[in-house]
């Protein structure tokens, strides 16, 4: 196991550099960030030259990337155009988005897997058809539509929740935004779990467990569910990074000042340091989540062993 982890960590190094280089190049072709600092009026040449020198934008792109990555390994993610260090923005944004992601993952695991197991065991029955239709409707509606409708009905019309989340963003205020964020992924988890349960229910090892007279609950939880969860865990692990990076719509709707909000501000203002810094951390989160998923395979299926 230790050798496998070390090998995977070494494999993550070129992936990390490749992803950050691609993001760095994409952000640098968005436009001229200096133009955004001067407002509606164009900067005079002297001011533009001074700003480019101050932020290191007068150097070639490849040199900017090397300098940036060298600073990253010392914990310096640069400075935003408002003079605030990017690490300070991260310190205030990431805890909020992590809490929002935890709520969303909780809904995916509890509701998605529960509905998937229920429909997988009762395949072809009315409850199966109803859940499939419901998940299809959820998948067909964009997140921004779901979020706006929930905000309008629950927040404005009925007053059950606050239309906007407070700056502290406690867990109780993130329940509804977390459900909105998880809605599409929850539907995928439900359908994926259902399919996996329905397929494995006909496997030989399940029939053997039933023939041995094991209780139905033990057959489902110890034999059927553990093997069926492998593709589900793969999806949820990959979804962790996607939820944190894709929370921009949900955070904008509910006025949550998290990672999505900071990314939106950085893109609108063409703030290269902010966008690249946040995406760099998201790349690390995605890589570590995938490593954790691979290690969980051996826990779910004892037949899987890593050399």
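Numbering (full-length UniProt numbering), first residue to last: 1 to 307. Ideal placement from N, C-alpha and C gives every residue a C-beta, glycine not left out.
Distance, residue j Cα to residue i Cα
i: residue 160; j: residue 143; result: 20 Å
i: residue 60; j: residue 26; result: 14 Å
i: residue 205; j: residue 122; result: 19 Å
i: residue 155; j: residue 289; result: 34 Å
i: residue 241; j: residue 151; result: 25 Å
i: residue 216; j: residue 198; result: 15 Å
i: residue 248; j: residue 257; result: 10 Å
i: residue 117; j: residue 193; result: 6 Å
i: residue 73; j: residue 2; result: 25 Å
i: residue 112; j: residue 225; result: 13 Å
i: residue 322; j: residue 218; result: No statement about residue 322 is possible, as the shown extent of the chain runs from 1 to 307 and does not include it.
i: residue 88; j: residue 70; result: 19 Å
i: residue 187; j: residue 262; result: 28 Å
i: residue 184; j: residue 292; result: 23 Å
i: residue 228; j: residue 212; result: 21 Å
i: residue 52; j: residue 86; result: 18 Å
i: residue 106; j: residue 157; result: 27 Å
N- and C-terminal bounds of the alpha helix (DSSP H) containing residue i
i: residue 184; result: 175-200
i: residue 11; result: 2-28
i: residue 207; result: 204-211
i: residue 253; result: 248-253
i: residue 73; result: Where residue 73 is concerned, there is no enclosing alpha helix (DSSP H), given that its DSSP letter is neither H nor E.
i: residue 267; result: 259-268
i: residue 116; result: 113-121
Neighbour flag for residue i against chain B, beta carbons, 8 Å
i: residue 64; result: No chain B is part of this structure, which consists of one protein chain only.
Reduced DSSP secondary structure (H/G/I, E/B, other) of residue i
i: residue 170; result: coil
i: residue 309; result: Limits of the chain in this structure are 1 at one end and 307 at the other, which puts residue 309 out of reach.
i: residue 163; result: coil
i: residue 231; result: helix
i: residue 129; result: helix
i: residue 79; result: strand
i: residue 85; result: strand
i: residue 60; result: coil
i: residue 214; result: coil
i: residue 141; result: coil
i: residue 124; result: coil
i: residue 271; result: coil
i: residue 256; result: coil
Exposure label - residue i; buried when at least 16 CB within 10 Å
i: residue 7; result: exposed
i: residue 120; result: buried
i: residue 17; result: exposed
i: residue 63; result: exposed
i: residue 266; result: buried
i: residue 168; result: exposed
i: residue 14; result: exposed
i: residue 260; result: buried
i: residue 191; result: buried
Nearest-angstrom Cβ-Cβ length linking residue i and residue j, presumed shorter than 8 Å
i: residue 173; j: residue 165; result: 5 Å
i: residue 271; j: residue 80; result: 6 Å
i: residue 103; j: residue 178; result: 3 Å
i: residue 276; j: residue 24; result: 5 Å
Heavy atom of the ligand SAH within 7 Å of residue i beta-carbon
i: residue 160; result: Summarising the ligand content, the structure contains no ligands, and the ligand SAH is consequently not present.
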